[in-house]
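To start, the structure itself, in structure tokens.
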Amino acid sequence: MPIAHETLLEINLEALAHNYHYLRSKLDTDIKMMGVVKAYAYGGEAVTISKKLSELGIDAFAVAYTSEGIALREAGIEKPILVLHPQSVNFESIVENCLEPSIYSVFVLKEFIKTAEKLGLKDYPFHLKLNTGLNRLGFIEPELETIFEVLKNTEAVKLKGVFSHLAASEDWKERQFTLQQIGKFRKMSFQIIENLGYKPLLHLSNTAGIFNYPEAAFDMVRSGIGLYGFANDQKNDPFLKPIATLKTIISQIHELSEGESVGYNRAFTATGNMRMATLPIGHADGINRKYGNQRAGVYIDGQYAPIIGNVCMDMIMIDITGIDCNEGDEVIIFGGPQPATKFAEKGNTISYELITGISQRVKRVVIEK
Ligand SMILES: *Cc1c(COP(=O)(O)O)cnc(C)c1O
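As structure tokens, this is what we get:
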């Protein structure tokens, strides 16, 4: 492991490969896997991670927005890329870059067909998004007839996949609801298959779905957080390895005596003699102000040091009283002794928000092992 000389996010490709193989081991061999690499591969580094996943044998990728798909194409990623949330203004770029749109409403379906016909396309692939209860994007059952009608009148586009998204696959209290979603997905998919006369690729499960609902794997699963090392479940988390470690360095150490304050608005006051350190990472790097004032802390050589005072834009201050450390020493924000899940909990949030929020000014360093 390289020593941090500045703030950096270390991405471990060996851990990524481990997670990929572990998730695969949960699936029958004929089930495809789509790697969800939206939001810079959950705050990691989308191109490097997608290249590694391609090498490992992933079948396809998903991104949220068109620009993310274009960036992958420009970097030479050749596998199919599903754009989960396109707008009609994106359809020309989607076609130019061989991306596959998710079509989630009658309005975007019509707009997509309009573009495809204008460009003289034939059988351009797309995925249909079904709303089975998340109530975010997608078609409901009564709309299927309209879709069939619209599709019957064009040869420009061809349905490649049908998918939906589970609302609470990680939550055992919502098992009944999830089973209902799976049932609804199966029923609507069968109606589509019957009407089209062929079977598109069916995909429903996200990471927690892979672990908790093997019966919902259908033809393909979509995994994001699992590839990055989190199962959203204490029982399964130990089988995965978080791929990212956020590190920084001690910039400066101060000795304080009773009554001296630290940082903006003097939010922390020393109650006696103490030692504190300043670190070059702040809310502009993705460390929300919620983590300040002793809510969360960092690790120095295995020892916990709480964040004191308010989180600044570019810095945090920590209490290092009793910790044997020097200016220039490495500090771990998350990863290693403190997984992102644990750090996130202290800010009342989840690993997804923490890791995707690490801003682009934090240098990414990829390590093979
Ligand atoms: C983000 C996303 C996923 C990935 O979910 P994980 O819980 O990270 O595995 C899958 N499907 C859709 C539609 C998504 O938006």
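Numbering (UniProt numbering), first residue to last: 1 to 369.
A virtual CB, placed ideally from N, CA and C, is assigned to each residue, including glycine.
Check                                                                                                                                               : Outcome
CB contact flag (Val298, Ile318, <8 Å)                                                                                                              : yes
Beta-carbon spacing of Arg289, Val311 below 8 Å                                                                                                     : yes
Member of Gly357, Tyr124, Thr207 whose CA lies at the smallest distance from the CA of Leu151                                                       : Tyr124
Cβ contact check for the region 2-22 and the region 242-251: 3 or more pairs under 8 Å                                                              : yes
Contacts around Gly309, its chain only, beta-carbon distance under 6 Å, and the 5 residues preceding and following it disregarded                   : Val262, Gly263, Ala267, Phe268, Met317
Per DSSP, the bridge partner or partners of Tyr40                                                                                                   : Note: Tyr40 sits in no beta bridge, so no partner.
Start-end ranges of the alpha helix (DSSP H) lying completely within the UniProt domain "Alanine racemase C-terminal" (243-367), minimum 4 residues : 340-346, 351-356
Contact under 8 Å by Cβ, Leu84 with Ser102                                                                                                          : yes
With 16 other Cβ atoms within 10 Å as the buried cut-off, status of Arg361                                                                          : exposed
The region 7-23 touching the region 46-61, judged by at least three CB pairs closer than 8 Å                                                        : yes
Enclosing beta strand (DSSP E) for His127 [first to last residue]                                                                                   : 124-129
Three-pair Cβ contact test at 8 Å for the region 163-170 versus the region 107-115                                                                  : no
Limits of the unbroken alpha helix (DSSP H) element including Asn195                                                                                : 175-196
Sheet register partners of Leu202 (DSSP bridge)                                                                                                     : Val162
Those residues which DSSP pairs with Phe61 across a bridge                                                                                          : Gly35, Ile81
Integer Cβ distance of Tyr228 from Ile58, believed to fall under 8 Å                                                                                : The Cβ separation is near 13 Å, so there is no contact.
Exposure of Val89, with buried meaning 16 or more beta-carbon neighbours within 10 Å                                                                : exposed
Chain-order list of residues whose beta-carbon lies under 7 Å from that of Thr271 (same chain, five-residue window excluded)                        : Glu258
Distance, Phe190 Cα to Lys346 Cα                                                                                                                    : 44 Å
Gln155 (DSSP reduced to helix, strand or coil)                                                                                                      : In the sequence under discussion, the amino acid at residue 155 is Glu, which differs from the Gln named in the question. The answer is coil: DSSP assigns Glu155 none of H, G, I, E or B.
Glu100: first and last residue of the uninterrupted beta strand (DSSP E) it sits in                                                                 : 100-103
DSSP three-state assignment for Leu134, whether helix, strand or coil                                                                               : coil
Ligand 1 heavy atom lying under 7 Å from the CB of Ala277                                                                                           : no
Reduced DSSP secondary structure (H/G/I, E/B, other) of residue 370                                                                                 : Beyond the ends of the chain as shown, which are 1 and 369, falls residue 370; an answer cannot be given.
Close beta carbons around Pro337, own chain, < 7 Å, minus the five adjacent residues each side                                                      : Tyr299, Gly302
Beta-carbon proximity list for residue 383, same chain, < 6 Å, skipping 5 on both sides                                                             : This structure does not reach residue 383, given that the chain is present from 1 up to 369, and the question cannot be answered.
Distance, Glu96 Cα to Glu117 Cα                                                                                                                     : 14 Å
Local conformation of Ser169 per DSSP, three classes                                                                                                : coil
Status (buried if at least 16 other CB within 10 Å, exposed otherwise) for Tyr42                                                                    : buried
Beta-carbon proximity check, Phe177 vs Ser351, cutoff 8 Å                                                                                           : no
Span of the beta strand (DSSP E) around Ser223                                                                                                      : 220-223
7 Å Cβ shell around Ala64 - same chain, five flanking residues per side excluded                                                                    : Lys38, Ala39, Leu84, His85
Those residues which DSSP pairs with Phe139 across a bridge                                                                                         : Leu130
Beta-carbon spacing of Leu119, Met188 below 8 Å                                                                                                     : no
Start and end residues, alpha helix (DSSP H) containing Lys114                                                                                      : 106-118
Any non-hydrogen atom of ligand 1 within 7 Å of Arg222 CB                                                                                           : yes
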